[in-house]
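Only one structure is covered here, and it is reproduced in the block below.
2 protein chains.
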Amino acid sequence: MALGQTNPIVGDLEGNAARIVDVARRAHDAGADLLAVGEMALSGYPIEDLAARPSFLRESAEAVDALAARLHEEGLGELVVVVGHPDGPFEPRLTSSNASPSAIAQNRASVIHRGRVLAKYSKHHLPNYSVFDEYRIFIPGDELMVLRLRGADVALIICEDLWRDGGPVARVLESDASVLLVINASPYERDKDEVRVPLVTRRALESDTTVAYVNIVGGQDDLVFDGDSVVVDGKGEILARAPQYDEHLLLVDLDPPATADHPVPDYVRRVVIDLGEAPEREPLPADIAELPDDRAQLWGALVTGLRDYVEKNGFRSVALGLSGGIDSAVCAAIAADAIGADRVYGVSMPSRWSSDHSRSDADDLAERIGVHYRTEAIADLVQPVEDQLQLTGLAAENLQARIRGIILMGLSNLDGHLVLTTGNKTEVAVGYSTIYGDSVGGYAPIKDVPKTLVWELARWRNEHAAARGETPPIPENSISKPPSAELREGQTDQDSLPDYAVLDEIVEAYVTRKLGREDLIAAGFDAEVVHDVVKLIDRSEWKRRQSAIGPKVSGMAFGRDRRLPITYKD
Amino acid sequence: MALGQTNPIVGDLEGNAARIVDVARRAHDAGADLLAVGEMALSGYPIEDLAARPSFLRESAEAVDALAARLHEEGLGELVVVVGHPDGPFEPRLTSSNASPSAIAQNRASVIHRGRVLAKYSKHHLPNYSVFDEYRIFIPGDELMVLRLRGADVALIICEDLWRDGGPVARVLESDASVLLVINASPYERDKDEVRVPLVTRRALESDTTVAYVNIVGGQDDLVFDGDSVVVDGKGEILARAPQYDEHLLLVDLDPPATADHPVPDYVRRVVIDLGEAPEREPLPADIAELPDDRAQLWGALVTGLRDYVEKNGFRSVALGLSGGIDSAVCAAIAADAIGADRVYGVSMPSRWSSDHSRSDADDLAERIGVHYRTEAIADLVQPVEDQLQLTGLAAENLQARIRGIILMGLSNLDGHLVLTTGNKTEVAVGYSTIYGDSVGGYAPIKDVPKTLVWELARWRNEHAAARGETPPIPENSISKPPSAELREGQTDQDSLPDYAVLDEIVEAYVTRKLGREDLIAAGFDAEVVHDVVKLIDRSEWKRRQSAIGPKVSGMAFGRDRRLPITYKD
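Protein chains in written order, with the numbering used here: chain Z, 1 to 570; chain P, 1001 to 1570.
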């Protein structure tokens, strides 16, 4: 068996199909009988509002047939290929009392053999929490399926189906399948490796069945899929495991015991596939990748997210302001790791309040990493606006940040850079930034990373470089100096904010774990600090409210945030 | 019976309760026995991620009890009050195979009498399409309920429950209720009055039952609730109807026939309420509001949306650029209608390319409406940036728009204005704007209004003024002149865009109705124009991709767009 961990681009049906043909050829050449690629590997994930476009669904369905034909033409027809894709358009169908009345698509796995699509399985459980919106856009399936291959039954399900206790897993395994094949689009989450593989292992042990789990990889908009495809046998042993983030063909020789030739329950459809005689061949060489430590995994996710946002949206380069501080230094290092330093353009934009070290630390960083680097002093650009509008206080501080935003966008318009905005999660949470100022940019590499973790990642990245005999990218002084926005004389972050160690804990508890103010105080946080921080967070929400929404009134509103991926040409 | 059409603020439990006590007093004084207010009238709608905060759910539940106690204390305890609110936290519960595993809230209607909460109904059907995300955040209910009041049964359901054929309506009406009471949070959509009241009428006719439908009113973020509460009898006659957009107490004397004293089906809970003897009193004076025409309804929605965004978020005033063009003129007129001209600050920001008429038309507009008005020429602010960065072409054009954005944000920071961004739907769709330039602003009053409809609304508003002997607010020249961004010599919109009449039709078909390119050509649009427009739309999506997202990677991401309403203090 082969699991193809591909990196699809949402909407790029043709390119994604080419990726699948490529892994199919490699799987075939290695002697595999069955190849599975991830959930929606043909369309990319998540397709969001594309699921509401009949033309896209028709093209997706046609792309499956075209893939089947092409595999056959290229001599790969004997390989059984299981591929995930959207299908439709179907009549809206209220399969349960609460299904979305406007959904016209299904989330499917097609089974391809000898140039034909033999069967299609539709995902039962449509996640509708966290980053998922599937219940909104898909019609749930209600059929179960096993594939019969040389006397062994392989049960087929999709992603969330595996997670539900008492769901399709339990029912399909009553058919005594030898292998449970799960195709997935499962994003990276911190510490998810402590949940996902244990779940796969538990399902394998519960059912005494080998579970083959294939995931996609790569960044898509704000999601990062980490791969980590895995095969676990019925004793809970990991037989094969793919690395994170990289495209990979994972091979494993299962040689499952033939399933007894019993009838399957009547609610399970058995698809018999004629594979012919098993060929004589070398055993497939299974490999078991080791997961790196927590910080390396996180760094990998940040690098992958940025790389694929740049590549999939067709940007040649990125630009960012280098302030000498830790956030921009870490963002620059991520960018260089993602797309190479020669595609990264750093801009130092000192003001009258900028310290000497802010310039020297930025210079040092640029030299260490080797990015393109220029200096654009802002004093002469700020002054005319400040004078004409008579801006003072906060309005004058924000003006400096906004002139910097204008400089970066001007350079972006001239040279096509994607601008990076370097705010960290803590800053975003408490609104310690200027709207249309330092928040300007198309991609925010560390927007979900709390400040204390930014420092930790910087230290880790430097140690990692040192251990490999490379120049540590982040200047030591950027890590050790007290953080400052430098928008007025002698300013430091701690003039306005509690210590970051405390602040990060409160943000984590209040924003992420959704504890209330009273819960926080009961948990031992100082009451005054809690009130101050919650007030900052509420205030930041008020600031965000100055950043453009409008009334949905015409019965003609756009869809949601992600309307059309640029790679899909309707 | 009384229906209280209130305007709640999301998160403002105390203020919303005060609004309900106020209508309860008026209903009581008028002699009503039963008052119903809208879905989530106690919490505001939509609560989005607040539904995931246990502390908010606890406070909401406590607020219902506090409301019951307060009504009793104020001598209103004999009035039966039905009020919508969120409830919880509950253990996540997979009531159907596809419920969201993280939902801990229910969408409920509580029945209050004599200081106590007698019963709670939980909404069955949770809409999860268009602007709705309920399936994500609520646990669906599965019980049905009728209230027995002086021998008549009143069946109680919530909003979407009414829309589903074969849903709770059909089942609860098998109990032979005399009245079907539906509480709602149903937003304005263009032409919705052609759907909603006909639906209510159809349900009334189908079941030969009086249907009482109560909606909330007001703007909340990007939604506008239009009220239009209505009572329709079993013959399909409208007995009473509330006006759009305004808070209103709708009274109606139903005097329903006593329901036969039969047992209800065992799946329906009957709540018997002791109302005592019917008092002698004058019949309640039902009124039937007339709906104004389509354009007046739309104008009302735009005005309401802006007004409540300003008021509910605590802004004192709004600022906007006045270019002399039609979009900014219409936005200024909406703003003046919404909050009064003395809270509107117009800024003319001419550049070297601005025509004489752009200044004189802006002057004329400001004088007609009576808004505050100042001129800030941008040439001396643009030049230093253009020179220092050597910006040319598009980069130089965008710079002008961005300097204007900086001016408006500077004035906002000085004086606390909410900045309005004046782009229309057509512009947004095809990306005919500058990111961080004219798109700067906290509220976009006409972002869903296509260009041709902007002109139509301008003409309508002027005629409306003339008919009332008032000064038409929009200068005739702003309506009749060819539109231009004036970012370079002699530029007009039609240099880059097809005629707006054609463009709007294609945008409507492609973006809103989701037709594909081939469908459009088959429908008779010129193939070349279709390709050009679709290319512009795809390109605009690419531009939007330069406006800040970042990787959700830490397992610590924020919630969705609307995280915390500023009015809720946790």
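By construction, the Cβ of each residue, glycine as well, lies at the ideal position given by its N, Cα and C atoms.
Residue closest to Gln-5/Z, alpha-carbon to alpha-carbon, out of Ala-63/Z, Gly-167/Z, Leu-520/Z and Val-214/Z | If we check each option's Cα against that of Gln-5/Z, Val-214/Z comes out closest.
Tell me, please, which residues DSSP counts as bridged to Thr-1392/P.
-> Answer by DSSP bridge pairing: none, since Thr-1392/P is not bridged.
Helix, strand or coil for Lys-1535/P per DSSP?
-> It is helical.
Which of the residues in the stretch 1511-1535 of chain P, read from start to end, lie with their CB under 8 Å from any CB of chain Z?
-> Listed by position along the chain: Val-1511, Thr-1512, Lys-1514, Leu-1515, Gly-1516, Arg-1517, Glu-1518, Asp-1519 and Val-1534.
Nearest-angstrom Cα distance between Phe-1315/P and Tyr-443/Z?
-> Cα to Cα, the separation comes out at about 30 Å.
Is there at least one Cβ from chain Z nearer than 8 Å to Val-1385/P's Cβ?
-> Yes, its Cβ sits closer than 8 Å to a Cβ of chain Z.
Does the beta carbon of Val-1440/P sit closer than 8 Å to a beta carbon anywhere in chain Z?
-> Val-1440/P has a beta carbon lying within less than 8 Å of a beta carbon in chain Z.
Where does Pro-101/Z fall in DSSP's three states?
-> Correct three-state label for Pro-101/Z: coil.
Beta carbon of Gly-88/Z nearer than 8 Å to that of Met-40/Z | Contact: no.
Rounded straight-line distance, which links the Cα of Thr-210/Z to that of Ala-204/Z = Note on geometry: alpha-carbon atoms of Ala-204/Z and Thr-210/Z lie some 6 Å from one another.
Can a CB atom of chain Z be found closer than 8 Å to the CB of Phe-1558/P?
-> Because the pLDDT at Phe-1558/P is just 39, under 50, the model does not fix this residue reliably, and the point stays unresolved.
Whose Cβ in chain P lies nearer than 9 Å to the Cβ of Ser-55/Z?
-> What Ser-55/Z touches in chain P, judged by beta-carbon distance under 9 Å, is Lys-1514, Leu-1515, Gly-1516, Arg-1517, Glu-1518 and Asp-1519, going in chain order.
By DSSP, does Arg-53/Z sit in helix, in strand, or in coil?
-> In this structure, DSSP gives Arg-53/Z a state outside helix and strand, which the three-state scheme calls coil.
Nearest-angstrom Cα distance between Lys-1312/P and Ala-155/Z?
-> Approximately 54 Å between the Cα atoms of the pair.
Quick one: residues in its chain with C-beta nearer than 7 Å to the C-beta of His-1028/P, no 5 flanking neighbours on either side, listed in chain order?
-> So the qualifying residues of the chain are Leu-1076 and Leu-1079.
Give, in chain order, every residue of the stretch 375-403 of chain Z whose Cβ lies closer than 7 Å to some Cβ of chain P.
-> Among the residues of the stretch 375-403 of chain Z, those with a Cβ less than 7 Å away from any Cβ of chain P are Glu-376, Asp-380, Leu-381, Pro-384, Val-385, Gln-388, Leu-389, Leu-391, Leu-394, Ala-395, Asn-398, Leu-399 and Arg-402, in the order of the chain.
Any C-beta of chain P sitting closer than 8 Å to the C-beta of Ile-571/Z?
-> Nothing can be reported for residue 571/Z, as the shown portion of chain Z is limited to 1 through 570.
Should Val-37/Z go down as buried or exposed, given a rule of 16 or more other Cβ atoms within 10 Å for buried?
-> Label assigned to Val-37/Z: buried.
Determine whether the Cβ of Asn-462/Z lies closer than 8 Å to any Cβ atom of chain P.
-> At a cut-off of 8 Å between beta carbons, Asn-462/Z makes no contact with chain P.
Would you call the stretch 1345-1365 of chain P and the stretch 1405-1413 of chain P in contact, with 3 or more CB pairs under 8 Å?
-> In this structure the stretch 1345-1365 of chain P touches the stretch 1405-1413 of chain P; the number of beta carbon pairs closer than 8 Å is three or more.
Looking at the structure shown, is Ala-177/Z part of a helix, part of a strand, or coil, going by DSSP?
-> For Ala-177/Z, the secondary structure class from DSSP, reduced to helix, strand or coil, is coil.
Would a C-beta distance cut-off of 8 Å place Leu-1249/P and Ala-1068/P closer than the cut-off?
-> No, the pair does not count as a contact, with Cβ atoms beyond the cut-off.
Val-959/P, buried or exposed, once every other Cβ within 10 Å from all chains shown has been counted against 16 | What is shown of chain P runs 1001 to 1570, which leaves residue 959/P out entirely.
According to the neighbour-count rule (16 or more other Cβ atoms, all chains shown, within 10 Å of its Cβ), is Pro-483/Z buried or exposed?
-> Buried.
Proximity below 8 Å, CB of Pro-54/Z to CB of Val-131/Z = Between Pro-54/Z and Val-131/Z, the CB-CB gap reaches or exceeds 8 Å.
Anyone know if the C-beta pair for Leu-298/Z and Leu-457/Z falls short of 8 Å?
-> Yes, they are a contact pair.
Whole-angstrom C-beta distance between Ala-1212/P and Val-1231/P, which should lie under 8 Å = Indeed they touch by this definition, with Cβ atoms about 5 Å apart.
Taking Cβ-Cβ distances shorter than 7 Å, what residues in chain Z pair up with Ser-1122/P?
-> None at all; the shortest Cβ gap to chain Z is about 13 Å.
Under a three-way DSSP split, which group does Asn-313/Z fall into?
-> In the structure shown, the three-state DSSP call for Asn-313/Z is coil.
Any Cβ of chain P within less than 8 Å of the Cβ of Asn-184/Z?
-> Not one chain P Cβ lies under 8 Å of Asn-184/Z.
Proximity winner among Ala-1429/P, Thr-1434/P and Val-1271/P, relative to Lys-1447/P (alpha-carbon distances) | That would be Ala-1429/P, whose Cα lies nearest to the Cα of Lys-1447/P.
Establish whether the CB of Tyr-1129/P and some CB of chain Z are separated by less than 8 Å.
-> Tyr-1129/P belongs to the set of residues whose beta carbon lies under 8 Å from a beta carbon in chain Z.
Simplified DSSP assignment, three categories, for Ala-17/Z = The answer is helix: DSSP assigns Ala-17/Z an H, G or I state.
Rounded to whole angstroms, what's the CA-CA distance from Asn-1184/P to Ile-47/Z? Just pull it up for me.
-> When rounded, the distance between both Cα atoms is 31 Å.
Listing by chain order, which chain P residues have their CB less than 7 Å from the CB of Glu-136/Z?
-> The question names Glu, but residue 136/Z in the sequence shown is Arg. Simply Asn-1128 and Tyr-1129.
How is Gly-1004/P classed by DSSP in three states: helix, strand or coil?
-> Reduced to three states, the DSSP call for Gly-1004/P is strand.
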